[in-house]
Amino acid sequence: MNDPLVYLNGAMTPLSEAKIPVLDRGFIFGDGIYDVVPFYGRRPLRPTQHIARLMRSMAAIGITSPHDEAGWMALCDSVVAASPLADQMLYIQVTRGVAPRRHTFPAQVTPTVFIMSNPLVPPSASERATGLSCVSLDDKRWLRCEIKSTSLLGNVLAAQYAVEHDAIESIQFRDGFLTEGSSTNAWIVKDGVLLAPPKDNLILEGIRYRFIEELCMECGIPFEARRISRAEVDEADEILLSSATKEVINVTTFDSKPVGDGRPGPVGEQLYAAYQRVKAGLAG
Ligand code: PDD
999 MNDPLVYLNG AMTPLSEAKI PVLDRGFIFG DGIYDVVPFY GRRPLRPTQH IARLMRSMAA
1059 IGITSPHDEA GWMALCDSVV AASPLADQML YIQVTRGVAP RRHTFPAQVT PTVFIMSNPL
1119 VPPSASERAT GLSCVSLDDK RWLRCEIKST SLLGNVLAAQ YAVEHDAIES IQFRDGFLTE
1179 GSSTNAWIVK DGVLLAPPKD NLILEGIRYR FIEELCMECG IPFEARRISR AEVDEADEIL
1239 LSSATKEVIN VTTFDSKPVG DGRPGPVGEQ LYAAYQRVKA GLAG
């Protein structure tokens, strides 16, 4: 049976035996945060930024981090080392902890820490070749999307909306402006310029956000962060998505219409190639 070792509150344990009390505030209120770190050949991509975001998310909801950066790295490494997989997706979750059910923060509480490794499954060769199909959706989530919260109901409903409309991902708009996918950042290309929505409370700043900005500099692709209207997305030459799992990939069908000429465009392909070079350097 596939029963990987996971980390829960100070101990490594088989996943099937990892248990938390029902009064854990993560279960009761969704009162927690998480992060997802990709490992290639057991080496993490951008670990410092992932741990910094984990710390930011905790600070944003008033959880005192139970570990410093080195402590988090050591825990992550122990879970990665326990897995037979070379390429892994490390899931780290911290909740406020276990307490009687009252909305306000409990006075004395120990955060629950859970880390598991999952296989890293990037888009398939055929998804890369054809590009993804996405649908538009009004962004109905809360206004603190910059926090990587486990309260993901809005994102879950947006992801489900996509599959029910034969799409891979929903691309969301708030007040007529592009925000992001249900679990991805969204980008457009117009006249060779890569455009992204600004980093604010309306999107999660993906670790790939700054990474792609840097790849743009390396590849000589002009980059601009600003509000992007629905009309601009409809008329984009390319639409891209990025995340730890999707890496960077072209969307070629949007609301059943082709994006550009309906094939993955040159900017997406150039960024993907640059991304693969960094991965190959890591995996050695
Ligand atoms: N999701 N926006 C949202 C809402 C996300 O959930 C994610 C990542 C991103 C991209 O962030 P990054 O580049 O750091 O992966 C943007 C992860 C993969 C998840 O929830 O599983």
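The opening residue of the sequence shown carries number 999 in this note's numbering; numbering runs sequentially from there. The C-beta atom is built at its ideal place from N, Cα and C for all residues, glycine as well.
- Rounded to the nearest angstrom, the gap between the Cα atoms of Cys1217 and Ile1210 is 10 angstroms.
- Straight-line measurement puts the Cα of Ala1160 at about 34 angstroms from the Cα of Asp1075.
- Counting only runs of at least 4 residues, the segment 1056-1142 fully encloses the following alpha helix (DSSP H) elements, listed from N- to C-terminal order: 1067-1079, 1123-1128.
- DSSP places Glu1233 outside any beta strand (DSSP E), giving it a letter other than H or E.
- For Asn1153, the three-state secondary structure derived from DSSP is helix.
- The beta carbons of Val1035 and Pro1042 sit closer together than 7 angstroms.
- Distance from the Cα of Thr1148 is smallest, within the candidate group Ala1278, Gln1091, Val1246, Thr1182, for Gln1091.
- Taking a cut-off of 8 angstroms on C-beta distances, the segment 1260-1270 touches the segment 1216-1235, as three or more cross pairs fall below it.
- Leaving aside the five residues that flank Ala1016 on each side, the residues in its chain whose CB is nearer than 6 angstroms to its CB run, in chain order, Val1004, Leu1006.
- In the three-state reduction of the DSSP assignment, Glu1222 falls in the strand class, which pools E and B.
- The C-beta distance from Ser1227 to Gly1174 rounds to 6 angstroms, short enough to fall under 8 angstroms.
- Bounds of the alpha helix (DSSP H) holding Pro1264 are 1264-1281.
- If the five residues before and after Ala1050 are omitted, its C-beta is found closer than 7 angstroms to no C-beta atom of its own chain.
- Within the segment 1166-1209, no run of alpha helix (DSSP H) reaches 4 residues while sitting entirely inside it.
- Between Tyr1273 and Val1246 a beta carbon distance of about 6 angstroms is seen, short of the 8 angstroms cut, so the two are scored as contacting.
- If you check the C-beta of Ile1090 against ligand 1, you find no heavy atom less than 6 angstroms away.
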